[in-house]
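If you're matching them up, the sequences are chains A and B in order.
Residues 39 to 291 in my numbering are what the first sequence spells out, letter by letter.
Residues 3 to 255 in my numbering are what the second sequence spells out, letter by letter.
Glycine is no exception: its CB is placed at the ideal position from the N, C-alpha and C atoms.
Just so we're clear, the structure is a prediction, and the values are computed from it rather than from any experiment.
This report concerns only the one structure given below.
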Amino acid sequence: MRMKKNAVKNFHKLLFLYFILWILLFEFILPVNNILPKPSVVLLSFSALWNDYKLPLNFISTVFAIYFSMALAYFTVWLLRVYLIKSNHVISDFIFSLHWFGEFVPWIIIGIFLIYWLPSSEYVKYIFIFSTSFFSIITHLKKEMKNIKNEYIDSAVSLGANEKNIAKKIIWKGSQPKIFDHLRILNFQLWSLIIVFEYISNRNGLGIIYKHALEYKDLSALFTLLIITGISVYIGSKLILYLKNKFYHWSFV
Amino acid sequence: MSSEFLLEVNNISKWNYGLAGAKQLILDDICFKIKNNSNSGNIVSILAQNSLSKTTLLKIISSIEKPSQGNIILFGKEYNKPTGDIAYIPEEPSSFPWMSVKQNIQYAYELKNDITNNQKIINELISSVGLDGYENHFPHDKSLGFRFRISFARALAVSPKIILFENPFGNLHGETKSEIISLVNNLTDKLNLTILYTTSNINEAISVSNKIVLMSSHPGKIINEFEIDKKQNLDLNSDYYNSIKLLIEKSYK
């Protein structure tokens, strides 16, 4: 635990060091270049991002699509948990047969198909993130189900627990800490996917700002977007960790 | 309900199949009976060196696993589906880490469809296993002894006819071991429980049990049975103790 805290402290120190180095090098020492922008220009670009690139609207659109769709996917898995966990059930067999595609076909290609099928739908972004999250969570649930200790299941069975009860109270509960660990990885993957998706589909969101900033060769806007995206992914990841610590504190020994 | 025997293990055999389809005999025609002592507690031990055959036998008796041959009779009726009448507690204490002490016990009541949620009864059970004041504690970071107490209380909550323990004292040491043995002895007498447990420790079997069923290894086969007269002096140096020990050692040879 102490080692982990030290690692976090070192990470923050390094981040601060890079920040100071960037200011010193790119503001005072190096000439204007195409690698990184001047810190003072980045500050100025924020107002341009806010007004010209419509940052608030696009940012909210991306954040809402990610977290609403991810929460909805988790809730759907929760609703279907008994059928997904039960062996040889027609619903779980059908869903798991679909998840095979997700293992071998990159998700962004499915996103391209969604853009083709639903070119003018406002909800296509939500459908894309929801389906990606849903299949990712059930794939992980399927893996984690096998790691639940047999002792828990055997003792519950001997007390008279049926398959439904085992699925709800033992397997689902016991797999939650690992599912939440996976949600943190999924958080990062979804941010990458949605930005690419918005970029190629020309829809509201941070992806469209990246596209416009690239078209205008606006390095300072791109750099500011990088910082905003990084901080957002970090906050999202910390929020999921907070929820895990709150609800699944027993997984930490 | 007027059967002379509480439990009858009739001609139980079990084969496992290896990867190449090779048949491996785990249990060979196991037969023994436990008398119905409604007026006093009864502790029967299965003494054997091979843990696979002991575990398999307990799982078959509790109907978690099906035998290849033979049947289990409980109070004169075939027991072939786990209903809670035979509670099984695995070697690794199986208290659910995601439930508090109270929730673990409440879970067993729910399985009995006893949703009266009688806090007084639950608190009495918690108190009977010596966990007063720990009702809302979680077992994940507690000792083996603590987790054993929860599993024991949870098993008692379904009012089983018989409780099966898999090597319950094997991983305990020193004072904790003595405390748990005395807890099992006291509750067995107080609640007229019947306990069937497995062990590989001869001394422990003689000092704890009323009856010892001696089983060979590879495959598990009943060699002999010994009734222990609890009124005799069971000190380690007593004549009675040593005579039983000698008989067991001779039976093994």
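Evaluate the contact criterion for the region 32 to 47 of chain B versus the region 8 to 18 of chain B: three or more CB pairs, one atom per stretch, below 8 Å.
Short answer: they touch.
Find the nearest neighbour of residue 176 of chain B within the set B:201, B:146, B:191 and B:192, judged by alpha-carbon distance.
Out of B:201, B:146, B:191 and B:192, B:146 has the C-alpha closest to the C-alpha of residue 176 of chain B.
Near residue 225 of chain B, what residues of its chain come up, given a Cβ to Cβ distance below 8 Å and the 5 sequence neighbours on each side ignored?
216, 217, 218, 253 and 254.
Quick one, which of A:246, A:143 and A:195 has its alpha-carbon nearest residue 263 of chain A's?
Checking every option, the nearest Cα to that of residue 263 of chain A belongs to A:246.
Endpoints, beta strand (DSSP E) assigned at residue 11 of chain B
In the DSSP assignment, residue 11 of chain B falls within the beta strand (DSSP E) that extends over 7 to 19.
Apart from the five residues on each side of it in sequence, which residues of its chain come closer than 7 Å, Cβ to Cβ, to residue 195 of chain B?
Result list for residue 195 of chain B: 43, 165 and 189, in chain order.
Using a Cβ cut-off of 8 Å (strictly closer), state whether residue 199 of chain A contacts chain B.
Using beta-carbon distances, residue 199 of chain A counts as an interface residue toward chain B, with a partner under 8 Å.
Return the CA-CA distance between residue 201 of chain B and residue 207 of chain B, expressed in angstroms with no decimal places.
Taking the straight line joining both Cα atoms gives about 7 Å.
Same chain, Cβ closer than 8 Å to residue 103 of chain A, five either side skipped, listed in chain order:
163, 164, 167, 232 and 243, listed in sequence order.
Taking Cβ positions, are residue 170 of chain B and residue 199 of chain B nearer each other than 8 Å?
Judged by their CB atoms, residue 170 of chain B and residue 199 of chain B are nearer to each other than the 8 Å cut-off.
Note down the Cα distance separating residue 144 of chain B from residue 60 of chain B, rounded to an integer number of angstroms.
Near 26 Å, if we compare the C-alpha coordinates of residue 60 of chain B and residue 144 of chain B.
Just the C-alpha distance for residue 279 of chain A and residue 58 of chain B, rounded to the nearest angstrom, thanks.
One Cα belongs to residue 279 of chain A, the other to residue 58 of chain B, and the distance between them is close to 40 Å.
Within 8 Å (strictly less), CB to CB, does residue 142 of chain B reach chain A?
Interface residue, yes.
Quick one: using the 10 Å Cβ neighbour count with 16 as the cut-off for buried, is residue 80 of chain A buried or exposed?
Under this definition residue 80 of chain A is a buried residue.
Any 3 or more C-beta pairs closer than 8 Å across the region 182 to 202 of chain A and the region 251 to 263 of chain A:
No, the region 182 to 202 of chain A does not touch the region 251 to 263 of chain A.
Let me make sure I understand the geometry here. Which of B:246, B:14 and B:130 has the alpha-carbon closest to that of residue 152 of chain B?
Comparing Cα-Cα distances from residue 152 of chain B to each of B:246, B:14 and B:130, the minimum goes to B:130.
Give a yes or no on contact between the region 208 to 228 of chain A and the region 269 to 284 of chain A, applying the rule of three or more CB pairs nearer than 8 Å.
Flag = yes, the region 208 to 228 of chain A and the region 269 to 284 of chain A touch.
If you check the beta carbons only, do residue 109 of chain B and residue 101 of chain B fall under 8 Å apart?
Cβ atoms of residue 109 of chain B and residue 101 of chain B: closer than 8 Å.
Which parts of the region 87 to 147 of chain B are runs of the alpha helix (DSSP H), unbroken and 4 residues or longer, counting only runs that do not cross its ends?
DSSP runs (the alpha helix (DSSP H)) wholly in the region 87 to 147 of chain B: 103 to 113 and 121 to 130.
Quick one: what's got a C-beta closer than 8 Å to residue 237 of chain B's C-beta in the same chain, skipping five residues either side?
Within the same chain, Cβ atoms closer than 8 Å to the Cβ of residue 237 of chain B are found at 243, the five residues on either side in sequence being excluded.
Which residues does DSSP list as the beta-bridge partners of residue 41 of chain A?
Checking the DSSP bridge columns, you'll see residue 41 of chain A has no partner listed.
At least one CB of chain B closer than 8 Å to the CB of residue 189 of chain A: is that the case?
At least one chain B Cβ lies under 8 Å of residue 189 of chain A.
Are the beta-carbon atoms belonging to residue 113 of chain B and residue 197 of chain A less than 8 Å from one another?
Yes; because the gap between Cβ atoms is below 8 Å, this pair is in contact.
Residue 136 of chain B versus chain A: which residues are under 7 Å apart at the beta carbon?
Within chain A, no residue has its beta carbon less than 7 Å from that of residue 136 of chain B; the closest one is some 14 Å off.
CA-CA distance, residue 55 of chain B and residue 93 of chain B?
Inter-residue distance for residue 55 of chain B and residue 93 of chain B is about 14 Å (C-alpha atoms, whole angstroms).
Please confirm whether residue 212 of chain A has its beta-carbon closer than 8 Å to some beta-carbon of chain B.
Answer yes: the Cβ-Cβ gap between residue 212 of chain A and chain B drops below 8 Å somewhere.
Residues of the region 160 to 183 of chain B with Cβ closer than 7 Å to any Cβ of chain A, in chain order:
From the region 160 to 183 of chain B, only 160 have a Cβ closer than 7 Å to chain A.
Taking only runs that begin and end inside the region 174 to 221 of chain B, name each unbroken beta strand (DSSP E) of 3 or more residues, in chain order.
Listed in chain order, the complete beta strand (DSSP E) runs (minimum 3 residues) inside the region 174 to 221 of chain B are 196 to 201 and 213 to 217.
How should residue 117 of chain A be labelled, buried or exposed, when 16 other C-beta atoms within 10 angstroms of its C-beta is the threshold for buried?
Classification of residue 117 of chain A: exposed, given that the 10 Å Cβ count is below 16.
At what residues does the beta strand (DSSP E) containing residue 225 of chain A begin and finish?
No beta strand (DSSP E) holds residue 225 of chain A; the alpha helix (DSSP H) holding it covers 211 to 239.
Going by DSSP in three states, residue 46 of chain B sits in which element: helix, strand or coil?
Three-state result, residue 46 of chain B: strand.
Quick test of the definition: if touching needs 3 or more C-beta pairs under 8 Å, does the region 132 to 150 of chain A touch the region 167 to 186 of chain A?
Cβ pair count under 8 Å is three or more, so yes.
For the candidate residues B:212, B:251, B:250 and B:239, whose alpha-carbon lies nearest to that of residue 233 of chain B?
In terms of CA proximity to residue 233 of chain B, B:212 leads the group B:212, B:251, B:250 and B:239.
Amino acids of chain A, ordered along the chain, whose beta-carbon sits closer than 8 Å to that of residue 88 of chain B
Neighbours of residue 88 of chain B on chain A, chain order: 196.
Note down, one range per segment and in chain order, each alpha helix (DSSP H) of at least 4 residues found wholly within the region 39 to 92 of chain A.
The region 39 to 92 of chain A contains these whole alpha helix (DSSP H) runs: 40 to 61 and 77 to 89.
Where does residue 20 of chain B land, buried or exposed, given buried means 16+ other C-beta within 10 angstroms?
Residue 20 of chain B counts as exposed, since fewer than 16 other C-beta atoms from the protein chains shown sit within 10 angstroms of its C-beta.
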